[in-house]
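Notes to accompany the following structure.
Numbering (full-length UniProt numbering), first residue to last: 1 to 215.
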């Protein structure tokens, strides 16, 4: 699980107070340790030492809590707001590599793996409600923030693309490749994690070879 400093950063990045972020960390831990059945408002309130009334005030019903959990987890993939004027080739690459490394770290964590496995298990019997939440509050949220960085790179003349979603999809695919599926199917992530830094750099370099422009 991420440390206290990462929790503070994620909470700030998702518009939450530090206390709310800590509650969501406890909710995510319950999900990982006990599965969907452990994720009750009473269980979360007990684990986080808060009242059920506070949970309802902050997050609404159980679906609202689950949505907040996914958005909070997604906020751990950081992208810094940067203007086109502040970018050059080296700084753009550094920002993209940091994003790619965060994406790999978060997706490989036990929380994200548990959420995705749960969504896969629910897909046939519940109309993929959790799957839709993961797409809308997770992947799209990450994509919007990364898209802002790509757009700044395009305005700076460092990237050339016609469709921002297509460019982000290419970046995502180069970073993630097939390793996430392998983890979901049970591969031991420890060996894969050792190479995340190098994988992130290779993926970004491949992306820049495809979409790099001239300043």
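The beta carbon of each residue, even a glycine, is placed where N, CA and C say it ideally should be.
- Here residue 181 is exposed. Its C-beta has fewer than 16 other C-beta atoms within 10 Å.
- About 10 Å separates the CB atoms of residue 40 and residue 55; that is not less than 8 Å, and the two are not in contact.
- Taking each of 45, 19 and 78 in turn and checking the Cα distance to residue 143, the smallest one comes out for 78.
- When 212, 209, 82 and 62 are compared, the shortest CA-CA separation from residue 133 is found for 62.
- Boundaries of the alpha helix (DSSP H) around residue 143: 140–155.
- Between residue 200 and residue 97, the gap from beta carbon to beta carbon is short of 8 Å.
- Going by C-alpha positions, residue 72 is about 11 Å away from residue 17.
- According to the DSSP assignment, residue 101 belongs to the alpha helix (DSSP H) that extends over 89–107.
- For the 8 Å CB-CB criterion, residue 30 and residue 38 form a contact.
- Selection 207, 24 and 19 evaluated against residue 111 yields 24 as nearest (Cα-Cα).
- For residue 171, the secondary structure class from DSSP, reduced to helix, strand or coil, is helix.
- Boundaries of the alpha helix (DSSP H) harbouring residue 204: 196–211, taken from the DSSP string.
- In this structure residue 159 does not touch residue 206 by the C-beta definition: roughly 14 Å separates them, more than the 8 Å allowed.
- Excluding residues up to 5 positions away in sequence, 70 and 74 lie with their Cβ nearer than 6 Å to the Cβ of residue 138 in the same chain.
- Between residue 161 and residue 152, the C-beta spacing is not below 8 Å.
- For residue 161, there is no enclosing alpha helix (DSSP H), since its DSSP letter is neither H nor E.
- Taken through DSSP and simplified to helix, strand or coil, residue 16 comes out as coil.
- Between the alpha carbons of residue 57 and residue 65 lies a distance of about 10 Å.
- Here residue 157 is actually not in contact with residue 81; their C-beta atoms are around 19 Å apart, not less than 8 Å.
- The beta carbons of residue 113 and residue 122 sit no closer together than 8 Å.
- Here residue 116 is buried. Its C-beta has 16 or more other C-beta atoms within 10 Å.
- The beta carbon of residue 50 sits closer than 7 Å to those of 23, all from its chain and outside the five residues before and after it, given in chain order.
- If the five residues before and after residue 43 are omitted, its C-beta is found closer than 7 Å to the C-beta atoms of 30, all from its own chain and listed in chain order.
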